[in-house]
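K.L.:
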Amino acid sequence: MTPPDQAVPSRVRIQTGAGATPAAVTGTTAAPAFQPELVFDARGVSISYGAKQALAGVDLGIRRGEITALIGPSGCGKTTFLRSLNRMNDSVPGFRIEGQILYHGHELYGGNVDRVEVRRRIGMVFQKPNPFPKSIYDNVAWAPRNLGLRRGLDERVEAALRGAALWEEVKDRLKDSALGLSGGQQQRLCIARAIAIEPDVLLLDEPASALDPIATGAIEALMHSLKGRFTIVIVTHNMQQAARVADRTAFFSLETGGAKPVGTLIEVGETNQIFAEPRDPRTRDYVTGRFG
Amino acid sequence: MSGATVPDPAAPLTPSGNLRRRQLVSRAAELAATAAAVIAVGALAIVVYTVVARGAKAIDLDFVFTGYPTGVGPMLLGTLVIALVATVMAMPVGVLIALYLTEYSGARGSGALRLTLDLLNGLPSIILGLFVFALLVDHKQQSGFAGAVALAIIELPLIARGSQEVLLLVPKGLREASDALGVARWRSVLTVVLPTALGGIVTATVLAVARAAGETAPLILASSVFDPKHFSVNPFESMPNVPVWIYKLSEEGNPEGFTEAWGMSLLLVSFILFASLGARALLARSKRKLSS
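Residue numbers (this note's numbering), protein chains in the order written: chain A, 1 to 292; chain B, 1 to 292.
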């Protein structure tokens with residue numbers, strides 16, 4: 001199940017980080033033996049929608065510059081958790097969160113926190129590619145324009161498209177509609193759109209689930225090249241994908257002990273440990289395909 | 001082969017039990033429904049045929065471009081100006097109402113507001129005419145502007161509800177995408193949501209104008225004492241207009257006047273038909289664009 005190149009994830013990280021861009025080196029200098037600084041620190045997080053509790057008692061730290069994968073069966077609350085990291089759940093009717101999520105030590109759900117500012121720093125890419133019905137160029141330029149980053153816009157757009165490994169395919173048709181791109185290209189455009197404003201964190205919600213295997217491969221290669229520049233959290237249904245791209249993996253599942261099943265975090269660790277030597281029997285059952 | 005019990009599986013596959021009676025009832029219901037549909041289409045066809053047959057011979061260049069008694073140009077121009085002024089007033093408010101309904105209000109507020117709009121839409125136009133008469137004409141003077149205010153009230157719910165329906169078609173993913181980029185909501189509305197829905201909003205407006213252009217009752221009260229010989233574009237005086245002139249000519253009992261009234265009716269009906277058909281084609285196009 002675990003590909004051989006995942007045996008030493010730290011080495012993979014440094015290689016790809018250095019190969020991608022000079023800026024990528026900075027985030028990954030800390031050796032894995034040390035405790036890298038936590039970007040997110042979730043403490044006792046429980047989330048409910050109205051009367052329905054979706055997630056209970058999650059303690060999870062997300063490390064800077066790494067890729068963290070959230071895996072688990074449908075309905076286990078992994079997407080709910082991801083969307084609470086940039087407060088996308090706020091607009092869901094009945095959403096309630098207990099516990100604490102610290103972002104660089106700041107209370108994410110604190111009283112003086114502005115949602116728009118949160119999302120300025122924590123970008124998100126969704127399951128279904130959702131480019132704006134505008135040109136390819138305007139899709140990427142839209143957020144910088146609206147955030148007052150107008151200087152050097154052309155260079156910024158090019159850098160973002162190069163960063164998303166899309167530049168070579170679209171450089172001659174930047175004025176064409178983004179809706180004419182293939183699904184995989186659209187998703188890479190959405191990633192370009194997200195990194196154009198240089199966020200601190202990228203949240204990816206099953207970014208490849210609507211794509212064919214070739215496009216999926218392109219997205220995974222892209223994630224390797226973005227590692228280090230951004231802290232990445234990815235939700236995926238695809239365990240092989242988690243094994244291929246993630247430094248650390250968190251396994252969520254449904255806790256069926258109570259009256260109603262509630263999603264919770266079962267185990268988190270280095271990706272190769274989660275897949276090769278899971279500590280919790282539920283994790284082992286899931287990663288070996290015996291999940292019932 | 002008794003009707004109430006399970007039929008013998010080996011019996012021939014001809015109608016058994018009360019199936020023959022049920023088939024007759026079904027046939028009768030189908031015929032009645034078809035007849036009703038034919039009546040609706042027939043009514044429109046007869047009206048259009050009559051208007052064309054009686055009005056076509058009145059129409060020539062002089063009829064459209066000169067004043068009374070050779071033509072009805074001032075009335076056409078007046079109706080155009082009144083409808084334009086009404087739309088300039090109604091469209092921004094209507095679109096803002098639609099935005100409030102789709103982007104900002106909660107479920108409770110939007111229900112009450114939608115009911116209000118539907119009630120407003122159902123108000124008899126003579127009542128709006130009286131209202132405007134009391135507000136802007138009584139003790140003052142008749143004016144095209146007063147008529148335009150009445151027509152604006154008629155257009156308002158049509159524009160608001162029509163725009164709301166199109167705004168609801170704008171995919172949720174686009175709003176999520178712009179939210180996740182850390183851009184303030186009003187900027188998303190202005191630069192993503194509205195442009196995406198523009199085709200449908202224009203359609204709703206054209207349909208509202210088509211409906212308002214033929215409204216007679218408010219104009220009889222607000223703008224009915226005018227000089228049919230001269231072109232006028234000043235909305236703060238009583239303005240010549242088509243519906244009132246049709247009404248006056250029909251009342252006179254003069255055969256030439258009748259022909260002129262039919263001629264103007266033909267112009268009005270053609271405008272409404274072509275505007276509605278064009279608007280629907282536009283709407284279908286923008287819906288296709290939205291759903292792709």
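For every residue, glycine included, the Cβ atom is placed at its ideal position computed from N, Cα and C.
In the region 5 to 81 of chain B, which residue ranges form an unbroken alpha helix (DSSP H) of at least 4 residues, counting only runs that do not cross its ends?
P.N.:
19 to 55 and 61 to 65
K.L.:
If you draw a straight line from the alpha carbon of T26 of chain A to that of A51 of chain A, how long is it in whole angstroms?
P.N.:
With a pLDDT of 40 at T26 of chain A, under the threshold of 50, the modelled position of that residue is not reliable, and the figure given next carries that caveat. Using only the alpha carbons, I get a separation of about 44 Å.
K.L.:
Three or more C-beta pairs under 8 Å: does that hold for the region 38 to 47 of chain A against the region 97 to 113 of chain A?
P.N.:
These segments touch.
K.L.:
For C190 of chain A and I97 of chain B, I'd like the C-alpha separation in whole angstroms.
P.N.:
Pairing C190 of chain A with I97 of chain B, the inter-Cα distance amounts to about 31 Å.
K.L.:
Does any residue of chain A have a CB that is nearer than 7 Å to the CB of R108 of chain B?
P.N.:
no
K.L.:
Locate the alpha helix (DSSP H) running through Y137 of chain A, then write down its first and last residues.
P.N.:
I136 to N146
K.L.:
Between the alpha carbons of I67 of chain A and P199 of chain A, how many angstroms are there, rounded?
P.N.:
Counting only the Cα atoms, P199 of chain A lies some 15 Å from I67 of chain A.
K.L.:
Answer yes or no: do T231 of chain A and G65 of chain A have a C-beta to C-beta separation smaller than 7 Å?
P.N.:
yes
K.L.:
Are G214 of chain B and P235 of chain B closer than 7 Å when you measure CB to CB?
P.N.:
no
K.L.:
Helix, strand or coil for I219 of chain A per DSSP?
P.N.:
helix
K.L.:
Please check if any C-beta of chain A sits within less than 7 Å of the C-beta of G199 of chain B.
P.N.:
no
K.L.:
Chain B partners of M88 of chain A, CB-CB under 8 Å?
P.N.:
Around M88 of chain A, the beta-carbon contacts reaching into chain B at under 8 Å are E176, D179 and A180.
K.L.:
Looking at the C-beta of F132 of chain A, does it have a partner C-beta in chain B at a distance below 7 Å?
P.N.:
So, interface residue.
K.L.:
Hey, would you say Q142 of chain B sits closer than 7 Å to S238 of chain B, going by beta carbons?
P.N.:
yes
K.L.:
For V192 of chain B, which residues in chain A fall below 9 Å Cβ to Cβ?
P.N.:
F132, P133, K134 and W142
K.L.:
R280 of chain B: buried (16+ other C-beta within 10 angstroms of its C-beta) or exposed?
P.N.:
Exposed.
K.L.:
Return the first residue and the last residue of the beta strand (DSSP E) that A69 of chain A is part of.
P.N.:
I67 to I71
K.L.:
Any idea what DSSP makes of S253 of chain A, helix, strand or coil?
P.N.:
strand
K.L.:
In its own chain, which residues sit with a C-beta less than 6 Å from the C-beta of D280 of chain A, not counting the 5 before and 5 after it?
P.N.:
I266 and E267
K.L.:
By the criterion of Cβ-Cβ separation under 7 Å, what are the contact partners of G148 of chain A in chain B?
P.N.:
The CB of G148 of chain A never comes closer than 7 Å to any CB in chain B; the least such distance is about 11 Å.
K.L.:
Taking the DSSP output, what are the residues bridged to A42 of chain A?
P.N.:
Paired residue(s): A:L60 and A:I101.
K.L.:
If you follow the alpha helix (DSSP H) that D154 of chain A is in, where does it begin and where does it stop?
P.N.:
L153 to G163
K.L.:
I'd like to know whether the C-beta of G111 of chain B is nearer than 7 Å to at least one C-beta of chain A.
P.N.:
With 7 Å as the cut-off, G111 of chain B does not count as an interface residue toward chain A.
K.L.:
Listing by chain order, which chain A residues have their CB less than 7 Å from the CB of R187 of chain B?
P.N.:
N146
K.L.:
Does A284 of chain B come within less than 7 Å of chain A when only Cβ atoms are used?
P.N.:
no
K.L.:
Candidates B:P9, B:V170 and B:A37: which alpha carbon is nearest R288 of chain B's?
P.N.:
Of the residues B:P9, B:V170 and B:A37, the one whose Cα lies closest to the Cα of R288 of chain B is B:V170.
K.L.:
Compare the C-beta of V287 of chain A with all C-beta atoms of chain B and state if any pair is closer than 7 Å.
P.N.:
no
K.L.:
Using the C-alpha atoms, what's the distance from L277 of chain B back to L99 of chain B?
P.N.:
26 Å
K.L.:
Quick check on S224 of chain B: does DSSP put it in helix, strand or coil?
P.N.:
coil
K.L.:
Excluding the five sequence neighbours on either side, which residues of its own chain have a C-beta within less than 8 Å of the C-beta of V202 of chain B, listed in chain order?
P.N.:
A279 and L282
K.L.:
Look at E165 of chain B and A208 of chain B and say whether their C-beta atoms are less than 7 Å apart.
P.N.:
no
K.L.:
Please tell me whether V206 of chain B has its Cβ less than 7 Å away from any Cβ of chain A.
P.N.:
no
K.L.:
Would you say T102 of chain B faces chain A, with C-beta separation under 7 Å as the test?
P.N.:
Not a single C-beta of chain A is nearer than 7 Å to the C-beta of T102 of chain B.
K.L.:
So which of A:I195, A:L55 and A:I197 has the shortest CA-CA distance to E255 of chain A?
P.N.:
A:L55
K.L.:
If V85 of chain B and L221 of chain B are in contact, beta carbons under 8 Å, what's the gap, nearest whole angstrom?
P.N.:
Actually they do not touch by this definition, with Cβ atoms about 17 Å apart.
K.L.:
DSSP on V233 of chain A, reduced to helix/strand/coil?
P.N.:
strand
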